[in-house]
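Here is the structure we will look at, set down as structure tokens.
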Amino acid sequence: MRVACALVLFLIPSLCPAQTTPVYLIGTAAGSGPGNSDRGGYAGDGGPATSALLNQPTSVALDGAGNLYFCDWNARIRKVDARTGIITTVAGIGVWGYSGDGGPAAGAELGGPGSIAVDAAGDIYFADVYNRRIRRIAAGTGIITTVAGNGFELQSSDGTRAVDAAIGLASGIALDAAGNLYFANGADRVRKIDARTGILTTIAGAGGSRSSGDGGLAVHAQLDQPSSVAVDSGGNIYIAARGEHRIRKVTAATGIITTIAGSSPGADSGIMGIPVYQGGFSGDGGPATNALLNDPQFIVLDKAGDLYVSDTFNYRIRRVDGGTGVIHTVAGTGVKGYSGDGGMALAAQMTFPSGMVIDNAGRIYFGDMSNQRIRVLVPVQAPHTVLPSRGREGRQ
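Numbering (our numbering), first residue to last: 32 to 427.
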């Protein structure tokens with residue numbers, strides 16, 4: 032992908048001690064607005080992505096060619112071309128609303144695109160959050176259609192056709208190898224749309240904003256504000272439950288749910304017995320199940336089965352080793368701000384890290400929401416690594 036100028040960092044061995052936790056450098060892949068600000072913008076289509084203005088980019092995805100797509104709170108879906116680094120809009124006219132099905136996505140109205148995924152054919156799926164729908168952009172034609180949701184908040188029962196169902200506020204879209212689509216919603220559930228039949232079923236969550244059910248069937252468990260879903264090659268499902276500050280896992284073979292990261296204690300809120308879970312930061316270097324997280328909003332898996340977590344209100348990205356279950360921070364100082372491009376990711380500041388995607392080279396792209404940027408973590412490879420930073424145009 033064409034990004035800003037390449038900075039060659041020669042790394043001495045002391046910077047890269049032998050360890051299993053990867054080390055990353057950080058750069059910017061898209062966006063040039065003011066750092067550490069809620070004031071985004073919209074500009075730059077047809078030019079370099081690193082010169083564009085974005086508005087709180089929340090979720091990112093890659094297609095098979097390496098093109099980067101992201102949800103822009105300007106009521107648009109935008110694309111960064113992998114070959115040229117040029118940014119364009121692929122969906123949305125910048126007006127919040129619901130229109131355009133059956134026509135070009137670039138002429139449609141969207142209502143808060145908040146999560147995105149791309150399938151093997153290049154079709155783009157996104158949660159049109161405040162329209163209470165999931166929509167698809169066909170790769171070959173650019174035509175937009177609705178694949179789930181009828182615009183209503185109440186939850187339709189299992190067995191309903193997804194396109195006719197009420198799904199509420201959808202988030203955390205994920206696709207498995209068979210093309211089945213998973214999403215979390217505001218009713219504290221994770222649901223599945225069967226790729227073959229289009230039928231809606233519940234995978235996890237019985238409703239009710241609390242954390243319960245570990246060791247039992249996921250459909251009987253309770254989740255507190257599930258916000259992101261990931262699926263591994265074995266069909267196991269991972270859920271970021273931001274309200275309980277935990278990551279939970281549904282084992283494909285059994286349907287049993289367990290907690291794999293986070294240990295937030297719950298305290299009685301005094302409101303109808305609903306507990307409030309306290310976020311925090313602790314646990315690096317130890318079991319993820321003993322760690323404290325703070326509003327983990329997004330998760331992603333790498334090819335090895337390691338889990339990356341946007342620990343949003345800790346202003347960090349953390350990694351849970353798929354083999355050992357040990358958690359480490361891989362990016363962020365824990366201090367809200369914008370700094371660090373061209374240097375080590377652990378020394379960088381970020382402001383509300385959001386959705387992530389990992390490419391075939393192990394680079395992690397993520398939305399740095401209130402810095403109005405898409406940033407990239409580049410794995411360090413001694414003796415040197417080529418890293419994107421924010422200067423003149425170049426090739427990564």
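Quick reminder that beta carbons are idealized off the backbone N, C-alpha and C, glycines included. Note that the coordinates shown come from a computational prediction; the quantities given were computed from them, not determined experimentally.
Member of the options whose CA lies at the smallest distance from the CA of residue i
i    : options                   : result
S401 : V407, G368 and V388       : G368
P291 : T285, V281 and G297       : Residue identity check: residue 291 is Ile in the sequence provided, not Pro. Here the closest residue by C-alpha is V281.
R277 : I330, G317, T233 and G265 : I330
N391 : V262, D333, A151 and A208 : D333
P135 : I147, I168 and R109       : I168
S385 : A322, R241, S294 and R406 : R406
S264 : G238, D326, A335 and A201 : A335
I174 : W127, S202 and G133       : G133
Q380 : R166, Q403, R347 and G286 : R347
Y396 : Y129, A92, G210 and H359  : A92
G311 : S295, T320 and D245       : S295
D326 : S313, A284, A272 and R279 : A272
G95  : Q186, A170 and Q256       : A170
A209 : N98, K223 and L200        : K223
Q256 : L185, A284 and G203       : G203
N211 : G78, V149, R163 and T382  : V149
F383 : G71, Q87, L185 and P410   : Q87
A319 : G97, R279 and L185        : R279
Per-residue burial, residue i [other beta carbons within 10 Å of its own, 16 or more giving buried]
i    : result
F183 : exposed
R227 : exposed
I305 : exposed
P414 : Here the model assigns P414 a pLDDT of 36, short of 50, so the residue's position is not dependable, and the following value carries that caveat. So P414 ends up on the exposed side.
R33  : In this predicted model, R33 has a pLDDT of only 43, less than 50, meaning its place in the structure is not dependable enough to derive any value.
D69  : exposed
R114 : exposed
R423 : Any reading at R423 must be qualified, since the residue scores a pLDDT of 28, below 50, and its modelled position is unreliable; the value itself is stated next. That one is exposed.
V388 : buried
T51  : exposed
G274 : buried
P419 : Residue confidence for P419 is low, a pLDDT of 44 falling below 50, so the modelled location carries little weight and cannot support an answer.
G238 : exposed
S313 : exposed
L85  : buried
T355 : exposed
V111 : buried
A378 : exposed
L99  : buried
A284 : exposed
Integer-rounded CB distance, given that residue j should sit under 8 Å from residue i
i    : j    : result
G317 : V357 : 7 Å
A179 : A196 : 7 Å
L408 : V351 : Their Cβ separation, rounded to whole angstroms, is 16 Å, which puts L408 and V351 out of contact at 8 Å.
G138 : I124 : 6 Å
I155 : F101 : Their Cβ separation, rounded to whole angstroms, is 11 Å, which puts I155 and F101 out of contact at 8 Å.
S90  : G145 : 6 Å
G236 : A252 : 7 Å
D76  : T120 : 6 Å
L324 : G293 : 5 Å
R163 : L200 : 6 Å
Beta-carbon gap between residue i and residue j smaller than 8 Å
i    : j    : result
Q309 : S258 : no
C261 : A205 : It should be noted that the sequence gives Ala, not Cys, for residue 261. Cβ atoms of A261 and A205: closer than 8 Å.
I198 : Y213 : no
T191 : L141 : no
L254 : I268 : no
V194 : T177 : yes
S14  : G297 : For residue 14 there is no data in the structure shown, the boundaries of the chain being 32 and 427.
A74  : G116 : no
D315 : H359 : yes
G266 : D207 : yes
I288 : G247 : yes
G78  : G71  : no
W127 : G143 : yes
Q403 : G131 : no
Residue i CB to nearest heavy atom of the ligand COA below 7 Å
i    : result
F329 : This structure lacks the ligand COA, and indeed carries no ligand of any kind.
Q. Should the stretch 52 to 68 be regarded as contacting the stretch 361 to 377, the criterion being three or more beta carbon pairs within less than 8 Å?
A. Below 8 Å, enough C-beta pairs join the stretch 52 to 68 and the stretch 361 to 377 to call them touching: three or more.
Counting Cβ pairs closer than 8 Å, one from the stretch 158 to 165 and one from the stretch 337 to 345, do we hit at least three? Under the three-pair Cβ rule at 8 Å, the stretch 158 to 165 does not count as touching the stretch 337 to 345.
- Message: If contact is defined by three or more beta carbon pairs under 8 Å, each pair taking one atom from either stretch, is the stretch 90 to 107 in contact with the stretch 214 to 223?
- Response: Contact annotation: the stretch 214 to 223 does not touch the stretch 90 to 107, with fewer than three C-beta pairs closer than 8 Å.
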